[in-house]
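Count the sequence shown with the UniProt record's numbering and you get residues 1 to 314, in order. Since the structure comes first, as structure tokens, the remarks are kept for the end.
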Amino acid sequence: MSKEIKEKELIIIGGGPAGLTAAIYATRAKLNMLLLEDQILGGQVRNSYTIENYPGFKKVSGSELADLMQQQAEELGAEIDEFDMVERVDFSGDVKIVETNNYIYKTDTVIISTGATPRKLPIPNEEKFSGKGIHYCAVCDGAMYDGKIIGVVGGGNSALEEALFLTKFASKVYMIRRYDYFKGEKATIEEVMNHPKIEVLFNKDLVNVEGNNFMEKAIIKDSIDGTEEEMPMDAVFGFIGTEPKTDHFKGQIDLTDGKYIKTDESMRTNVKGVFAAGDVREKEFRQITTAVADGTIAALQAEKVIVERKKNQK
């Protein structure tokens, strides 16, 4: 059966903070818009146990903040379709095509806010022990390891914050850091360094994990002298960066070598009418606040394109 064709002025692909913010602004501008999300609304922010750097909230959980953003967008009248996956896009014409499992959408403008996913640990047994000792979301899986020994790989804010969260469950948390410094906020680094349950392993690199059905030990390599040692460990949580979700857009818009979307400061891609916002685009800082700012700008710029097109059609 052929799919039903629907026409929109704006399609937002991705429902994290950037996409939800764009939906809020687009709805307030009375645009005929639709937000598509193939998973749960809120994006990676839902995996944050505690957020303490979002203006207006001294402390808020990621799931609570995501729920508030979603509620605000929906109460304003934003049209949101969850769990309808995008199959293909075609940005070659003035009218853009976004095809999902259920519909074919024709739209004047598109905002891509698909975000990014955690980068997998580059070790031989990653796939074998995925979900059986190797994880990438402390909020999702940390409670599985109550009273256990946990390793955290990474050196940025995400790794530091997740290590602190995991102390709620673990008897011991090892921070495995291949360099002799962290890249996070000073206050968070100090909290990690002074926590009685956390031991920091500077100049150490995780090279593999081993076990039977579940992970039982980690193989740690000294990044200076190359020596290796085995350490009893029940789980390892990786926070070594992210990979953008841009597979559908390859060949349609310009991407960097790292597969992030190239934009200018107005969130414009190289294709008129197509914008990108949030973690999916190439930029220096990836925070909730920067994603919200991106979504704001992208929606306002999309509105300009739509207004200009309406004037030219008269």
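All residues carry an ideal CB built from backbone N, CA and C; glycine is no exception. Computed from a predicted model, the values in this text were never measured in an experiment.
- Per DSSP, the continuous alpha helix (DSSP H) segment holding Val139 begins and ends at 138-141.
- Put simply, the region 30-49 does not touch the region 263-277. Fewer than three CB pairs are less than 8 angstroms apart.
- Under DSSP, Pro244 takes part in a beta bridge, and its partners are Ala116.
- By the CB criterion at 8 angstroms, Thr114 and Thr246 fall inside the cutoff.
- Secondary structure in the region 5-90: the beta strand (DSSP E) runs of 3 residues or longer, each lying completely within the stretch, are 33-37, 80-82, 86-90 in chain order.
- Counted as a single uninterrupted DSSP element, the stretch harbouring Arg268 is not any beta strand (DSSP E), since DSSP gives it neither H nor E.
- Counting C-beta pairs closer than 8 angstroms gives fewer than three between the region 134-145 and the region 296-310, which falls short of the contact rule.
- If you draw a straight line from the Cα of Lys217 to the Cα of Leu41, it comes to about 35 angstroms.
- When DSSP states are grouped into helix, strand and coil, Val110 belongs to the strand group.
- DSSP places Glu185 outside both helix and strand once states are collapsed to three, so it counts as coil.
- Exposed is the label assigned to Gly251, since fewer than 16 other Cβ atoms lie within 10 Å of its Cβ.
- Ala276 sits away from Gly295, with the two beta carbons spaced by 8 angstroms or more.
- Per DSSP, Ala293 lies in no beta strand (DSSP E); the unbroken alpha helix (DSSP H) holding it starts and ends at 288-313.
- The C-beta separation of Ser63 from Thr50 comes to about 11 angstroms, leaving the pair out of contact by the 8 angstroms criterion.
- In the same chain as Arg177, and ignoring 5 residues on each side of it, the C-beta atoms closer than 6 angstroms to its own belong to Gly155, Phe202, in chain order.
- For the set Thr109, Val98, Gly15, the Cα lying nearest the Cα of Ala73 is the one of Gly15.
- A distance below 8 angstroms separates the beta carbons of Thr167 and Ile198.
- Remark: C-beta atoms of Asp205 and Lys221 approach each other more closely than 8 angstroms.
- Taking a C-beta distance under 8 angstroms as the contact criterion, Val110 and Gly211 do not qualify as a contact pair.
- Looking at the DSSP output, Asn208 sits in a beta bridge with Ile219.
- Beyond the five residues adjoining it in sequence on each side, Phe239 comes within less than 8 angstroms, by CB distance, of Pro118, Tyr136, Val152, Val153, Gly154, Gly156, Ser158, Ala159, Glu162 in the same chain, given in chain order.
- A Cβ-Cβ contact shorter than 8 angstroms links Glu282 with Ile261.
- Comparing alpha-carbon positions, the option among Lys183, Gly258, Tyr105, Ala18 lying closest to Ser2 turns out to be Tyr105.
- Closest in alpha carbon position to Asn125, among Ser92, Lys183, Ile219, Glu308, is Ile219.
- Within the same chain, and ignoring the five residues on either side of Glu228 in sequence, the residues whose Cβ sits closer than 8 angstroms to its Cβ are Val207, Ile219, Ile220, Lys221, Asp222.
- Counting of Cβ neighbours within 10 angstroms places Phe91 among the buried residues, the total reaching 16 or more.
- Tyr179 counts as exposed, since fewer than 16 other C-beta atoms from the protein chains shown sit within 10 angstroms of its C-beta.
- With distances taken between CA atoms, Ser171 lies nearest to His195 out of Lys186, His195, Ile80.
- In this structure, Asp279 and Pro232 do not form a Cβ contact; the two beta carbons are roughly 35 angstroms apart against a cut-off of 8 angstroms.
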